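These notes are about the structure you will find just below.
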Amino acid sequence: MNDKYIVYFISRTRKKMISFIEKQLLENGLDGLISSHGNILTALYENNGKLTMKRIAEITGKDKSTITPLVNKLLELGYITKIKDETDKRVTYIILTSEGNKIQDKYKAISNEVYATAYKDFSQEEKEIFLKLLKKISNNFNSNT
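Residue numbers (the UniProt record's numbering): 1 to 145.
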């Protein structure tokens, strides 16, 4: 096996998945959303629609400087709002709006379609092995960052 193609295929697969997701978003009338918004929306959906920027960064594994423009776009699209904590004005909460909640079913359907497409023809055992191997590759880079 020529293992020098592993990085190539990981990169190629990532690009294809992003294109697939963004096509699905457009087809479902979710103009303005990109695949990167998915982690933020998922974090909010799974946490009662309210998180701090710091917590979103922790959950998504991205730094706040990466999260900020994504959050600002979601704000612009009307899917979230920002509210300062009443007792500590340094803390800002990101909260899903009614519009953000309305798209949850469409968003989940797109996510399910992505998973179904990605894992088509995979056995449960193959999925588990694949995830284990990807985690191993990812962890190999933890000491280098």
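C-beta: ideal position from N, C-alpha, C; glycine also.
Remember, predicted model here, so these are calculated numbers, not experimental data.
The beta carbon of K62 lies closer than 8 Å to those of N39 in the same chain, with the five residues before and after it left out.
If you ignore the 5 residues before and after K64, its C-beta comes within less than 6 Å of the C-beta of M53, A57, all in its own chain and listed in chain order.
Taken in chain order, the complete beta strand (DSSP E) segments of 3 or more residues contained in the stretch 48 to 75 are 50 to 52. T13: member of the alpha helix (DSSP H) spanning 6 to 27, first to last residue. For K127, the uninterrupted alpha helix (DSSP H) segment begins and ends at 124 to 140.
Within a 10 Å sphere around the beta-carbon of V71 sit 16 or more other beta-carbons, which makes this residue buried. Of the candidates Q124, D31, F130, E46, the residue whose Cα lies closest to the Cα of K108 is E46. For L44, the enclosing alpha helix (DSSP H) starts and ends at 37 to 45. Here the C-alpha atom of K16 lies approximately 11 Å from the C-alpha atom of S35. Put simply, the backbone Cα of K120 is about 22 Å away from that of I137.
From the listed residues T87, G32, V114, A116, the smallest Cα separation to P69 is found for G32. T92 is bridged by DSSP to K84.
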